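For the sequence shown, my numbering begins at 202 and goes up steadily by one.
For glycine and all other residues, C-beta sits at the position ideal for the given N, C-alpha and C.
Treat the numbers as computed from the prediction; the structure is a model and nothing was measured.
Here the structure is laid out as structure tokens; the discussion comes afterwards.
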Amino acid sequence: MKEIILCKYGEIVLKGANKRYFEDMLGRQLRQKAKACGNFDIYRAQSTVYIEPLDDSADIDAMMDAARKVFGIVAVCRAAMCEKDMDSILATVKAYIPPYLEGKRTFKVESKRADKLFPLDSIEISRAAGGAILESCPRMRVDVHNPDVTVKVEVRDTAAYVHPGPVKGAGGMPVGSAGRGLLLLSGGIDSPVAGYMMAKRGLKIEAIHFESFPYTSELARDKVLRLAQIVSEYNCEDMLVHVVSLTKVQEELVKHCNEDYFTLLLRRYMMAIADKVAQKFKCGALITGESLGQVASQTTEALGVTNPMATLPVFRPCIGMDKEEIVEISRKIGTFETSIEPYEDCCTVFTPRHPRTRPDLGKVMAEEQKLPFDELVEEAIAGMYRVVVRPDGYEVQQR
Numbered sequence: 202m203k204e205i206i207l208c209k210y211g212e213i214v215l216k217g218a219n220k221r222y223f224e225d226m227l228g229r230q231l232r233q234k235a236k237a238c239g240n241f242d243i244y245r246a247q248s249t250v251y252i253e254p255l256d257d258s259a260d261i262d263a264m265m266d267a268a269r270k271v272f273g274i275v276a277v278c279r280a281a282m283c284e285k286d287m288d289s290i291l292a293t294v295k296a297y298i299p300p301y302l303e304g305k306r307t308f309k310v311e312s313k314r315a316d317k318l319f320p321l322d323s324i325e326i327s328r329a330a331g332g333a334i335l336e337s338c339p340r341m342r343v344d345v346h347n348p349d350v351t352v353k354v355e356v357r358d359t360a361a362y363v364h365p366g367p368v369k370g371a372g373g374m375p376v377g378s379a380g381r382g383l384l385l386l387s388g389g390i391d392s393p394v395a396g397y398m399m400a401k402r403g404l405k406i407e408a409i410h411f412e413s414f415p416y417t418s419e420l421a422r423d424k425v426l427r428l429a430q431i432v433s434e435y436n437c438e439d440m441l442v443h444v445v446s447l448t449k450v451q452e453e454l455v456k457h458c459n460e461d462y463f464t465l466l467l468r469r470y471m472m473a474i475a476d477k478v479a480q481k482f483k484c485g486a487l488i489t490g491e492s493l494g495q496v497a498s499q500t501t502e503a504l505g506v507t508n509p510m511a512t513l514p515v516f517r518p519c520i521g522m523d524k525e526e527i528v529e530i531s532r533k534i535g536t537f538e539t540s541i542e543p544y545e546d547c548c549t550v551f552t553p554r555h556p557r558t559r560p561d562l563g564k565v566m567a568e569e570q571k572l573p574f575d576e577l578v579e580e581a582i583a584g585m586y587r588v589v590v591r592p593d594g595y596e597v598q599q600r
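What follows is the structure, encoded as structure tokens:
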């Protein structure tokens, strides 16, 4: 019996004349994932991507897991493939489905007849397949309203497919179909979630991380790179992380500026640096993990002070979410346990005792003018180095 993986499209089906562009991108990303899983043939038909094992090297379990992390796919099905005749379909149902019914009490069968020349209609196919299951598993009973398992029979153009229902895919749009975005990546919970959410909308993610060595440690930087590794699983390609030191900026702020404005001034530097780096590397937007009112620098007034430093659009997918919602996503994508490791980051260095939550832009700019802003920004960018991150590790490319 031959198994195959069926990947069902989501929004791609709505793209009209541009559909081929998105399909091609999705196919490339699945092939990239398949390189680590063995030898598969990947092709598409009828708004479905077929992932067919070609030999014993093909790890179908690993490919299932990989396909579920590719944006643009809403459902993934592990199915048995058979000839398009009822004898073959019923034999496959009897052989393939019973293991999936162990420990279950009820089922129903749903059939889809994409080949309209097939002699039985969908209801007749379902009735016959349900009878075959009851013959093989007499303890089971049919429940068409709330079954434990919904068995699917799909009669398509070249073959028939039998499976115990789909598992949920990542959804969204293929990574890169909406351009590139630069994620301001810290060691916290929010920013990896923001990167994941914008990758889901089709942005290919690069990241910028701000460190303050020796006030922040190598362990803190490595934690961020491990978070980037997890996010890179959804990026479908290697992910660049640009690492920028803010040590001199922060030391100059401490020497010359009012403590109450440290956080706001630092955020303005970060946004200005990120904006320049994004433009240098052809990213069309910045991405942050900011959530309205979560901390002093994320009030409406504070965001109004930092936002003008960016010339590119700033995407804040977490802005209307509370902490529990963000944590829920971080657990789902696997970043939470790493995010809560107790290492410092640059935003916790020289934290003011009484940060301004409703700042006046004029006063902030007056403090900012105590320092050579453009010079410090350019110096920070000149000292930047890059790290190439992939799911299985990372490598410093330039330092």
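Within the region 350 to 432, ranges of the alpha helix (DSSP H) (whole runs, at least 4 residues): 391 to 401
Cut-off 7 Å between Cβ atoms - residues of its own chain near E434, not counting five sequence neighbours on either side: K270 and P592
Extent of the continuous alpha helix (DSSP H) run through T539: From DSSP, the alpha helix (DSSP H) with T539 extends over F537 to S540.
K209: first and last residue of the uninterrupted alpha helix (DSSP H) it sits in: Here K209 belongs to no alpha helix (DSSP H); instead the beta strand (DSSP E) covers K203 to Y210.
Cβ pair S258, L428 closer than 8 Å: no
Nearest residue (CA-CA) to G273, options S327, S323, M398 and E336: M398
As assigned by DSSP and simplified to three states, the class of I598: Contrary to the premise, residue 598 reads as Gln rather than Ile in this sequence. Of the three classes helix, strand and coil, the one that applies to Q598 here is strand, per DSSP.
Backbone CA spacing between Y595 and A408 [nearest angstrom]: 13 Å
Beta-carbon contacts of C278 that lie in its chain and below 6 Å, excluding the five residues immediately before and after: L207, H364 and P367
Enclosing alpha helix (DSSP H) for V478 [first to last residue]: F463 to K481
Short Cβ contact (8 Å threshold) for S492 with C458: no
N-terminal and C-terminal residue of the alpha helix (DSSP H) that N507 is part of: Sequence check: residue 507 is Thr here, not Asn. Residues T501 to T507.
G332 versus L302 - alpha carbon distance: 15 Å
Cα-Cα separation, L426 to A581: C-alpha separation (whole angstroms): 20 Å.
Helix, strand or coil at I298 according to DSSP, with G and I counted as helix: Here DSSP, grouped into helix, strand and coil, assigns I298 to coil.
Beta-carbon contacts of A361 that lie in its chain and below 6 Å, excluding the five residues immediately before and after: Cβ neighbours of A361 beyond the five flanking positions: C283, K285 and I290.
Beta-bridge pairing of P254 - partner residues as DSSP gives them: F241
Other residues of its chain near Y544: CB distance less than 7 Å, five sequence neighbours each side excluded: G388, S418, L420, A421 and K424
H555, buried or exposed, once every other Cβ within 10 Å from all chains shown has been counted against 16: Exposed, by the Cβ-count rule.
Euclidean distance between Cα positions of Q247 and V343: 30 Å
Reduced DSSP category for F308 - H, G, I as helix; E, B as strand; rest coil: It is a strand residue.
Assumed close pair V597, V588 - CB separation to whole angstroms, cut-off 8 Å: V588 and V597 do touch by the CB rule: their CB atoms are close to 5 Å apart, below 8 Å.
DSSP state of V345 mapped onto helix, strand, coil: coil
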